[in-house]
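Undergrad:
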Amino acid sequence: SECLDWLDTQEPDSVLYVAFGSSIAKLSQEEFEELALGLEASKVPFLLTVRPPQFVDEGDTTVLVKNSDFYKNFVERTKGRDLVVSWAPQREVLAHRAVAGFVSHCGWNSVLESVSSGVPIICWPRIYEEGLNRKIMAERCRIGVEVSDG
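The sequence shown begins at 152 in the working numbering and counts up by one.
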């Protein structure tokens with residue numbers, strides 16, 4: 152896969168993998184932009200999944216993130232140290248030697264795959280049981296950190 156081929160070119164423990172699964176709760180435009188700006192400022196190589204259709208609400212209108220000027224400019228500015236894809240073979244990605252961390256919505260499958268691969272999680276739950284999963288990962292097991300809601 153494109154993802155695994157790209158990871159093969161990266162240094163061990165150097166890549167941040169960012170994925171929010173197939174969650175019905177999507178990032179708002181503001182959240183996506185803050186995430187993207189943080190990734191860009193970090194100077195860390197990253198693999199970002201933006202699943203189509205990744206719609207975000209802006210008042211009464213809906214914007215497809217991949218068609219936004221912000222998204223296109225972000226991809227251009229980070230070209231060379233990132234890979235942005237619509238899907239990644241998550242289990243294989245998390246098991247890859249290049250992956251050092253995982254920004255996740257904390258869906259149960261993602262939690263299990265991350266734990267089984269020994270990859271720490273930056274927990275950013277969106278809906279349902281994901282908040283409880285974050286609590287377990289960050290507070291109880293201490294193998295994750297929480298993204299602040301505020």
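All C-beta atoms, glycine included, are put in the ideal place defined by N, C-alpha and C.
Quick caveat: nothing in here was measured; it's all calculated off a predicted structure.
Can you tell me where the beta strand (DSSP E) holding V252 begins and where it ends?
TA: For this step, residue 252 is matched to residue 101 along the sequence shown. Correcting the residue identity first, residue 252 is Gly in this sequence and not Val. G252 -> beta strand (DSSP E) spans V250 to S255.
Undergrad: Kindly indicate which residue of E191, S255 and N260 has the alpha-carbon position closest to the one of A170.
TA: Working through the sequence shown from its first residue, we reach residue 170 at position 19. The candidate whose alpha carbon is nearest that of A170 is S255.
Undergrad: With DSSP as the reference, label F183 as helix, strand or coil.
TA: In the sequence shown, the residue the question calls residue 183 occupies position 32. Reduced to three states, the DSSP call for F183 is helix.
Undergrad: With a CB to CB cut of under 6 Å and the five nearest residues on each side skipped, what residues in its chain are close to H247?
TA: Looking up residue 247 in the sequence shown gives position 96. Only L158 meet the Cβ criterion.
Undergrad: Given 8 Å as the limit, is there contact between the segment 262 to 276 and the segment 225 to 238, that is, 3 or more CB pairs closer than that?
TA: no
Undergrad: Go ahead and label G258 buried or exposed: buried means 16 or more other beta carbons lie within 10 angstroms of its beta carbon, across all protein chains shown.
TA: The residue labelled residue 258 in the question sits at position 107 within the sequence shown. Under this definition G258 is a buried residue.
Undergrad: Rounded to a whole number of angstroms, what is the C-alpha to C-alpha distance between S165 and D220?
TA: The residue labelled residue 165 in the question sits at position 14 within the sequence shown. The residue labelled residue 220 in the question sits at position 69 within the sequence shown. Straight through space, the alpha carbons of D220 and S165 are spaced by roughly 28 Å.
Undergrad: Which residues in the same chain have their Cβ closer than 7 Å to the Cβ of E243, if we skip the five residues on either side of it in sequence?
TA: The count along the sequence shown starts at 1 and reaches residue 243 at position 92. Same-chain partners within the cutoff: L155.
Undergrad: Kindly indicate which three-state DSSP category A192 falls into: helix, strand or coil?
TA: Taking the first residue of the sequence shown as 1, we reach residue 192 at position 41. DSSP places A192 in helix when its eight states are reduced to three.
Undergrad: By Cβ distance, which residues of its chain are closer than 8 Å to P163, with the 5 residues on each side in sequence left out?
TA: The sequence position of residue 163 within the sequence shown is 12, counting from 1. The beta carbon of P163 sits closer than 8 Å to the beta carbons of R248 and A249 from its chain, once the five residues preceding and following it are set aside; these are given in chain order.
Undergrad: Report the rounded CA-to-CA distance for Q161 versus Y168, giving the unit in angstroms.
TA: For this step, residue 161 is matched to residue 10 along the sequence shown. For this step, residue 168 is matched to residue 17 along the sequence shown. Answer to the nearest angstrom: the Cα atoms are 12 Å apart.
Undergrad: Here's a check: name, in chain order, each residue in its chain whose Cβ is nearer than 6 Å to the Cβ of A226, leaving out the five neighbours to either side.
TA: Position 75 of the sequence shown holds residue 226. Inspection of the sequence shows that residue 226 is occupied by Val rather than by Ala. If we look at V226 and ignore the five residues flanking it on each side, its Cβ neighbours are V235.
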